[in-house]
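Student:
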Amino acid sequence: MASGKSILVCLLVAISINFSNGYKPVAIVHGIMFNPKDHMEGLRDAILKSHPDTEVNLLEILHDQESFLPMWYQVSRFHAEIQKMVDKHPDGINVIGYSQGGSIARGVIESMPNHTIHTFISLSSPQAGFHGEWYVPNSVFHVGTEERLSDSVAGFWKDPKDLAGYKKDKRYLACLNNEVKHELNKQFKDAICKLKHLVLIGGPDDGIVVPWQSSQFGYDDENGVIMDMRNTNLYKNDCICLKTLDERQAITIHTVSGVKHPDWFNNATVIENYILPYLA
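Just so we're aligned: the sequence shown equals residues -22 to -1, 1 to 258 in mature numbering (1 follows the signal peptide of the UniProt record, and there is no 0).
1) On the three-state DSSP scale, how would you describe N72?
2) Looking at the secondary structure, which residues open and close the beta strand (DSSP E) in which S100 lies?
3) How do the stretch 67 to 77 and the stretch 85 to 101 stand: do at least 3 beta-carbon pairs fall below 8 Å, yes or no?
4) Report all residues from its chain with a CB closer than 6 Å to the CB of F12; omit the five preceding and five following residues, and keep chain order.
5) Mapping DSSP to helix, strand and coil, what is W242?
6) Just tell me which of I231, I218, L220, K174 has its CA closest to the CA of Q191.
7) For G85 versus V64, is the C-beta spacing smaller than 8 Å?
8) Does DSSP put I82 in a helix, in a strand, or in coil?
9) Based on Cα-Cα distance, which residue from V237, G133, L178 lies nearest to M207?
10) Quick check on the burial criterion: 16 or more other C-beta atoms within 10 angstroms. Buried or exposed for K164?
11) Going by the CB atoms, is the gap between S193 and S102 shorter than 8 Å?
12) Using beta-carbon positions only, say whether I6 and L21 come within less than 8 Å of one another.
13) Quickly, what does DSSP pair Y197 with across the bridge? List them, please.
14) Our contact map puts D199 next to P104 with C-beta atoms below 8 Å; I'd like the distance itself, whole angstroms only.
15) Tell whether a beta-carbon distance below 8 Å holds between K9 and S89.
16) For V188, which three-state DSSP category applies?
17) Expressed to the nearest angstrom, what Euclidean distance is found between the alpha-carbon atoms of N215 and L223?
18) Tell me the residue span of the alpha helix (DSSP H) that contains V131.
19) Among C217, E33, H239, which one has its Cα closest to the Cα of L162?
20) Rounded to whole angstroms, what's the CA-CA distance from N211 to E59? Just pull it up for me.
21) Going by beta carbon distance, what residues of the same chain come within less than 6 Å of I82, once the five residues before and after it are set aside?
22) Whole angstroms are fine: how far does the CA of K238 sit from the CA of N35?
23) Give me whichever residues DSSP pairs with residue 316 in a beta bridge.
24) Return the chain-ordered list of same chain residues with a C-beta closer than 7 Å to the C-beta of Y150, the five sequence neighbours on each side being excluded.
Right under this line is the structure:
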């Protein structure tokens, strides 16, 4: 029979191992016009304060003007960096994508069929598309100079009154959401199905993502009526596994009022209540 002393030693070793493991490694993908080192260190520091031994990779590529480059190009660059983490950590990593970075991060996930990404946290990202008000005030549904200001924004620009054009152009988002047929439809869906948890965070006071419900895969129809995720064809047809994940209780949606778009990654309440709990 093991002595009390040996049992105590075993317990201490087990506790030590548990604490040293901390969170799974975390990759953070920034948004438009960000030098992440100057803007997103607060999020990184909050993760490290909560779990000091966690590997947090604040991906410092394609910032400032380069963040306007075409979306698939950006996906390829971030893919290379996240692939290194996936290869290094076969037990899995977590990914946080903020704003445009959330769309890029999803592009990485869908183009990585053998990924080991456990949790994907989408932080105020236009996952269902984006239109109008920020780029040209009073222009909501009509595609104009807004989408041409940036190659990256053009990739997820979605005019509810011109879905035929959106699909015909095979824009980045139309392909990513499997809203058009292409040779990787199954891979894209299967890659999202592999996630253990999808966390969607957004709120009505965002001020940049239009409509703000896009951060939770909601969107408006041609009459401006907002549909939540579960009422969209994207969900009903299970185009990218949202319905399957939801039925598996693997989707968590947080609606947070009072947070402006530039503040999501620095807001203590958001970090403590809606990000940190999902990084274990």
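For each residue, glycine too, the CB sits at the ideal point set by N, CA and C.
Tutor: Well, looking at it:
1) Assigned with DSSP and collapsed to three states, N72 falls in strand.
2) 95 to 101
3) yes
4) H41
5) coil
6) I231
7) no
8) helix
9) L178
10) exposed
11) yes
12) yes
13) Per DSSP, M205.
14) Actually they do not touch by this definition, with Cβ atoms about 17 Å apart.
15) The sequence given here has Gly at residue 9, not Lys. In this structure, S89 does not lie closer than 8 Å to G9 by Cβ.
16) coil
17) 13 Å
18) 129 to 134
19) C217
20) 33 Å
21) V7, Q52, V53, F56
22) 25 Å
23) For residue 316 there is no data in the structure shown, the boundaries of the chain being -22 and 258.
24) Contacts found: M49, W50, G133, F134.
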